[in-house]
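Residue numbers (our numbering), protein chains in the order written: chain A, -1 to 317; chain B, -1 to 317. All residues carry an ideal CB built from backbone N, CA and C; glycine is no exception. Treat the numbers as computed from the prediction; the structure is a model and nothing was measured.
Number of protein chains: 2
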Amino acid sequence: MNYYLGIDFGGTEIKIGIIDENGSIVTKDKYTTDTTKSGAEIVAHIADCAQELIGKSGIPKSAIKGAGIGSPGLLDPEKGLLKVVTNVPQLNGINFAEGIGRHLGFPAFLDNDVNAMTLGEFFFGAGKGFKHVIGLTLGTGVGGGIILDGKLYRGTSFTAGEIGHLSIDSNGLYCPCGNYGCLERYIGKDGIVTRFKAYQGKGIETGINDYLDNGEITPKAIAMAAANGDKLSVEVLTETGKILGIALASLTNVLNPEIFVIGGGIANAGDLILEPARHELIKRAYTIPAQAVKVVPAALKNDAGIVGSASIAVAKLVR
Amino acid sequence: MNYYLGIDFGGTEIKIGIIDENGSIVTKDKYTTDTTKSGAEIVAHIADCAQELIGKSGIPKSAIKGAGIGSPGLLDPEKGLLKVVTNVPQLNGINFAEGIGRHLGFPAFLDNDVNAMTLGEFFFGAGKGFKHVIGLTLGTGVGGGIILDGKLYRGTSFTAGEIGHLSIDSNGLYCPCGNYGCLERYIGKDGIVTRFKAYQGKGIETGINDYLDNGEITPKAIAMAAANGDKLSVEVLTETGKILGIALASLTNVLNPEIFVIGGGIANAGDLILEPARHELIKRAYTIPAQAVKVVPAALKNDAGIVGSASIAVAKLVR
């Protein structure tokens, strides 16, 4: 059996795990990113944590074929280079893949976290067995990863997949990216909460206060309230799904994918969002590609980060 | 030197030509589609025309490596099958590639006309030397072809590239496809003319009457008037370019292409449309992919159909 190491790197937390060739997690752990350290020290720390995890796992190092590192920020996956990591600027310009790989003694590969999630779903999750897979993560922002003909498509400057910045209304809400009507402005975290509060401001009744998330209205709180029958929360999630479906319809017409895999926090609301999304897609997209495409929730859930990151190595070494 | 036959099939006219391996047309001619004939007869007629053209060209048949057939309508490029040809329904269900290839004695390949145009520009035109090429044709409708990593991307059911049905305004103009705000509704032929007439209706002065196209206001007439300084015509083309740029910005964010190649009748207006499109793209898309992408006019012009169709064979046999 071959194994792959997955490093899910975040600005505050690092999750590391080992998966087998079927995508099952053998062992995993969480570590803290010490942002007071230098870039080189952070690299060494991550490698040390990984070494320790491998040691405790009992898996011979020779059975671990490679490591995949999923990271936020701007990066060059071909070189393995971090370019702009907003919260940990001392990593800017660091060759993360080479540095970590050298410490570990086996090849390491870097890609962005949304591509990692998409690869994880493609190899081991809801996208398994499909050729043209578009992964979306609905969280603070809205991200996307695109797999076409069984291969991750990265684009000219490795920024392909910015589905959150597909405009659904050229005269719509201003987006800090400079565009108007970006999908993310409507169904990213702030978009969902803003829409919720707008209805609330009109005096529509809601039981949201029983489900607040650390005292706040968040997509998670709205999803909890909706799951418990709060009508306004259901309405806002339905609307979220409809808006998602508008974007999926355009993507369906342009890319004719086989499957959309929807992940990220709010996607846990499942069919409360996905059913209206499917309905809107069918209504708006051309019949043939609309009938050819599925819209499904991500399957990997909490382990998406580790399995996805490890899948970056699987993509390089196996397929 | 190797040669390729290009068959640009249309509902009323068939253009056939032979290109050499550099994409230069050696010989070409036009024929009529006799829509009173059966499907099998039409196939035989096209093959006969091609045979005759080959005979007159003096090129030995053994030097012709294959034929590419570009066709409108719904088709299956893998099987070579025509599925729905709106104006010539007796061709529905006919295996065009196999039929024509058998008559000719060398392999023939079928694809849609917009993919053909995009392949032509990719091999021999404005997209030469680029890896990620998106071709758009602005005509009665707005079509698209997508080449990623040097390969035509067709999608799950061979309908990828319907860029005319990317919605730029989810609450916008109703489109007969069932969606709202489709790009084609604004910058397809009817969209351009409707916008022109709306301004005219408000009493804005124009010299368009000196440039009418068979007595009518058409995009061609508007382009002519604009080229001669008619202010309203320039304004409408500028607006057309801006709307095009809105869609290109979304495509740039999602697909991070290297180059957009813009063809079709109205694209002959050149920078009157492309300059505002570039400006809008830069304004709206993310900086990195926006700076990485070019927006250029198609290079093949009148021969786009023949060279593009022949390029379908080049894609299959050479690259």
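From B:Gln49, B:Ser55 and B:Ile12, pick the residue whose C-alpha is nearest to that of Thr25 of chain B; which is it? Nearest neighbour of Thr25 of chain B by Cα position, chosen from B:Gln49, B:Ser55 and B:Ile12, turns out to be B:Ser55.
Is the beta carbon of Asp27 of chain A sitting closer than 8 Å to the one on Ile14 of chain A? For Asp27 of chain A and Ile14 of chain A, yes; Cβs fall inside 8 Å.
According to DSSP, is Asp269 of chain B part of a helix, a strand, or is it coil? The answer is helix: DSSP assigns Asp269 of chain B an H, G or I state.
Under 9 Å Cβ-Cβ, which residues of chain B neighbour Asp109 of chain A? Those do not exist, as Asp109 of chain A stays about 14 Å from chain B at its closest Cβ, beyond 9 Å.
When you compare each of B:Gln289, B:Asn266 and B:Asn0 to His277 of chain B by their alpha carbons, which one comes out closest? Of B:Gln289, B:Asn266 and B:Asn0, the residue nearest in Cα terms is B:Gln289.
Contact set between the stretch 149 to 160 of chain A and chain B, restricted to residues whose Cβ is under 9 Å from the partner: Across the stretch 149 to 160 of chain A, CB contacts with chain B closer than 9 Å involve Lys149, Tyr151, Arg152, Gly153, Thr154, Ser155, Phe156, Thr157, Ala158, Gly159 and Glu160, in sequence order along the chain.
Mind checking who Ala106 of chain A pairs with in its DSSP beta bridge? For Ala106 of chain A, which the question treats as bridged, DSSP gives the partners A:Ala65.
Starting from Gly142 of chain B, trace the beta strand (DSSP E) in both directions and tell me its first and last residue. Bounds of the beta strand (DSSP E) holding Gly142 of chain B are Val140 to Leu146.
Count the other CB atoms within 10 Å of the CB of Thr34 of chain B; is the residue buried (16 or more) or exposed (fewer)? By the neighbour-count criterion, in which 16 or more other beta carbons inside 10 Å mark a residue as buried, Thr34 of chain B falls on the exposed side.
Distance between Arg100 of chain B and Thr319 of chain B (C-alpha atoms, nearest Å): In the structure as shown, chain B begins at -1 and stops at 317. Residue 319 of chain B is therefore absent and cannot be evaluated.
Using a cut-off of 8 Å between C-beta atoms, extract the partners of Leu164 of chain B located in chain A. Proximity of chain A to Leu164 of chain B at the Cβ level (cut-off 8 Å) is accounted for by Ser248, Asn251 and Val252, in chain order.
Chain B residues whose Cβ lies nearer than 7 Å to that of Tyr284 of chain A: Around Tyr284 of chain A, the beta-carbon contacts reaching into chain B at under 7 Å are Thr157, Glu160, His163 and Cys175.
Residues bridged to His128 of chain A by DSSP? Going by the sequence as given, residue 128 of chain A is Phe instead of His. Note: Phe128 of chain A sits in no beta bridge, so no partner.
Between Pro295 of chain B and Leu315 of chain B, which are expected to be in contact by the criterion C-beta below 8 Å, what is the C-beta distance as a whole number of angstroms? The Cβ separation is near 28 Å, so there is no contact.
Rounded to a whole number of angstroms, what is the C-alpha to C-alpha distance between Asn251 of chain A and Gly159 of chain A? Each residue's CA atom was taken as its position, placing Asn251 of chain A and Gly159 of chain A some 16 Å apart.
Spell out a yes or no on whether the stretch 259 to 271 of chain B and the stretch 153 to 168 of chain A are touching, meaning 3 or more CB-CB pairs, one atom from each, closer than 8 Å. They do not touch, by the three-pair rule.
I'd like the list of long-range same chain contacts for Val191 of chain A, defined as Cβ closer than 8 Å, with 5 residues on each side in sequence excluded. Counting only Cβ-Cβ distances below 8 Å, and skipping sequence neighbours, we find Ile215, Thr216, Pro217 and Ile220.
So which of A:Lys81, A:Val41, A:Pro70 and A:Ile132 has the shortest CA-CA distance to Val291 of chain A? Residue A:Ile132 is the option with its Cα nearest to Val291 of chain A.
Pull up the distance between the alpha-carbon of Ile304 of chain B and that of Gly103 of chain B, whole angstroms please. So the two alpha carbons sit approximately 20 Å from each other.
Going by C-alpha to C-alpha distance, which of B:Gly8, B:Asp18 and B:Arg282 sits closest to Met(-1) of chain B? For Met(-1) of chain B, the closest of B:Gly8, B:Asp18 and B:Arg282 by C-alpha to C-alpha distance is B:Asp18.
Any idea what DSSP makes of Ile5 of chain B, helix, strand or coil? Correct three-state label for Ile5 of chain B: strand.
Chain B beta carbons: is any one of them nearer than 8 Å to that of Lys229 of chain A? Lys229 of chain A does not count as touching chain B.
Would you say Lys318 of chain B and Leu73 of chain B are within 8 Å of each other, going by their C-beta atoms? Nothing about residue 318 of chain B can be read from this structure; chain B reaches only from -1 to 317.
Given a cut-off of 8 Å on the beta-carbon distance, is the pair Ala247 of chain B and Ala283 of chain B in contact? Yes.
Where does the unbroken alpha helix (DSSP H) through Lys187 of chain A begin, and where does it stop? For Lys187 of chain A, the enclosing alpha helix (DSSP H) has its first and last residue at Lys187 to Gly199.
Chain A contacts from the stretch 137 to 149 of chain B (Cβ-Cβ distance under 9 Å): Look at the stretch 137 to 149 of chain B: the residues with a C-beta under 9 Å from a C-beta of chain A are Gly142, Ile144, Leu146, Asp147 and Lys149.
For Asp208 of chain A, is the classification buried or exposed, using 16 other Cβ atoms within 10 angstroms of its Cβ as the cut-off for buried? It is exposed - the Cβ of Asp208 of chain A has fewer than 16 other Cβ atoms within 10 Å.
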